[in-house]
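K.L.:
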Amino acid sequence: QAQFSELSLVASTHGALSVTIHTPKGGVRRVHPDFVLVREPPGGGAGGHPRRLLLGLHLGGVPSAPPL
């Protein structure tokens with residue numbers, strides 16, 4: 001579980017997808033998500049960061065609820 005502000009995403013046109021979680025304690029975890037559950041509507045904020053993350057997950061073929 002992570003907040004949008006803690007995430008960064010790298011995706012390629014070949015289907016490779018990697019998500020990095022920057023933990024509040026300064027740690028870093030890299031994951032390859034099997035599923036995404038969005039519990040609150042993403043705020044656009046400055047630059048629309050959450051929307052770009054969701055688009056990257058969608059284009060990477062990660063299933064989600066609700067559908068992206």
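Residue numbering for the sequence shown follows full-length UniProt numbering, starting at 1 and increasing by one per position.
Ideal placement from N, C-alpha and C gives every residue a C-beta, glycine not left out.
1) Is any non-hydrogen atom of the ligand GDP found closer than 7 Å to the C-beta of Leu68, if you look at the structure I gave you?
2) Beta-carbon separation of Pro42 and Arg51 under 8 Å?
3) According to the neighbour-count rule (16 or more other Cβ atoms, all chains shown, within 10 Å of its Cβ), is Leu54 buried or exposed?
4) So His22 is in the beta strand (DSSP E); what residue range does that whole segment cover?
5) Tell me which residue opens and which closes the alpha helix (DSSP H) that Leu55 is part of.
6) With H, G and I counted as helix, E and B as strand and the rest as coil, what does DSSP make of Ser5?
P.N.:
Taking the structure as given:
1) With respect to the ligand GDP, the structure shown offers nothing to examine, as it has no ligands at all.
2) Position 42 of the sequence shown, counted from the start, is the residue given in the question as residue 42. Position 51 of the sequence shown, counted from the start, is the residue given in the question as residue 51. Contact flag set, yes.
3) Here residue 54 is taken as the residue at index 54 of the sequence shown, counted from 1. Leu54 should be labelled buried.
4) Within the sequence shown, residue 22 is the residue found at index 22, counting from 1. Boundaries of the beta strand (DSSP E) harbouring His22: Leu17 to His22, taken from the DSSP string.
5) Residue 55 sits at position 55 when you count from the first residue of the sequence shown. From DSSP, the alpha helix (DSSP H) with Leu55 extends over His49 to Leu59.
6) Here the question's residue 5 lines up with position 5 in the sequence shown. Three-state DSSP puts Ser5 in a helix.
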